[in-house]
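Visitor:
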Amino acid sequence: MRQEQRLIWLRVEAPAKPVVGAHCNGCGVCCAAEPCPVARVFLWQRRGACRALVWVEANLHYRCGMLMQPANYLPYLPYLPDSLHALIGRLIGRWIAVGTACDSDAEAIHTIPD
Ligand code: SF4
Ligand code: SF4
202 MRQEQRLIWL RVEAPAKPVV GAHCNGCGVC CAAEPCPVAR VFLWQRRGAC
252 RALVWVEANL HYRCGMLMQP ANYLPYLPYL PDSLHALIGR LIGRWIAVGT
302 ACDSDAEAIH TIPD
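Just so we're aligned, residue 202 is where the sequence shown starts under our numbering, counting upward by one.
#1: By alpha-carbon positions, which one of 278, 216, 211 and 311 ends up nearest to residue 260?
#2: Can you give me the C-alpha to C-alpha distance between residue 304 and residue 234, rounded to a whole angstrom?
#3: Hey, which residues come within less than 7 angstroms of ligand 2, measuring from Cβ to any heavy atom, in chain order?
#4: So residue 236 packs on residue 251, CB below 8 angstroms; how close in whole Å?
#5: When you measure from the CB of residue 294 to every non-hydrogen atom of ligand 1, does any distance come out below 6 angstroms?
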């Protein structure tokens with residue numbers, strides 16, 4: 202079966218996507234291709250590049266803004282009790298599987314516009 206092709210935009214300085222199972226290097230391919238469950242549930246984003254994908258210039262890689270600064274994306278967060286705050290943080294961390302291996306089987310083909 203032919204895989205769906207999608208055009209995504211990423212910084213040219215971003216690291217190349219590693220193979221599935223390798224350590225996540227913050228290439229950003231998965232989040233630029235489609236929103237993950239966290240983005241679907243908390244950001245109500247169903248398609249396109251996730252709006253919480255953040256480029257970290259100092260480290261030349263992408264990171265999840267929902268992990269770095271969730272209050273930037275969830276304006277109601279500071280008004281929730283600490284217990285819910287912590288629960289949401291744990292849910293986000295678990296669903297994103299932070300610090301684990303790359304689980305995206307997307308194949309990234311690099312092109313640089315003229
Ligand atoms: S999970 Fe894979 S595709 Fe997604 S940012 Fe990490 S290395 Fe890149
Ligand atoms: S919420 Fe974070 S991990 Fe999920 S798609 Fe957006 S940037 Fe990627």
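Note that the Cβ used here is the ideal one computed from N, Cα and C, for glycine as well.
Guide: Let me spell this out:
#1: Numbered from its first residue, the sequence shown carries residue 260 at position 59. It is 216.
#2: Here the question's residue 304 lines up with position 103 in the sequence shown. Here the question's residue 234 lines up with position 33 in the sequence shown. In a straight line, the C-alpha of residue 304 is about 13 angstroms away from that of residue 234.
#3: 231, 232, 236, 237, 239, 240, 244, 251, 253, 254, 265, 266, 267, 268 and 297
#4: For this step, residue 236 is matched to residue 35 along the sequence shown. For this step, residue 251 is matched to residue 50 along the sequence shown. Their Cβ separation, rounded to whole angstroms, is 5 angstroms, which keeps residue 236 and residue 251 in contact under 8 angstroms.
#5: Translated into positions along the sequence shown, residue 294 becomes position 93. No - ligand 1 has no heavy atom lying nearer than 6 angstroms to the Cβ of residue 294.
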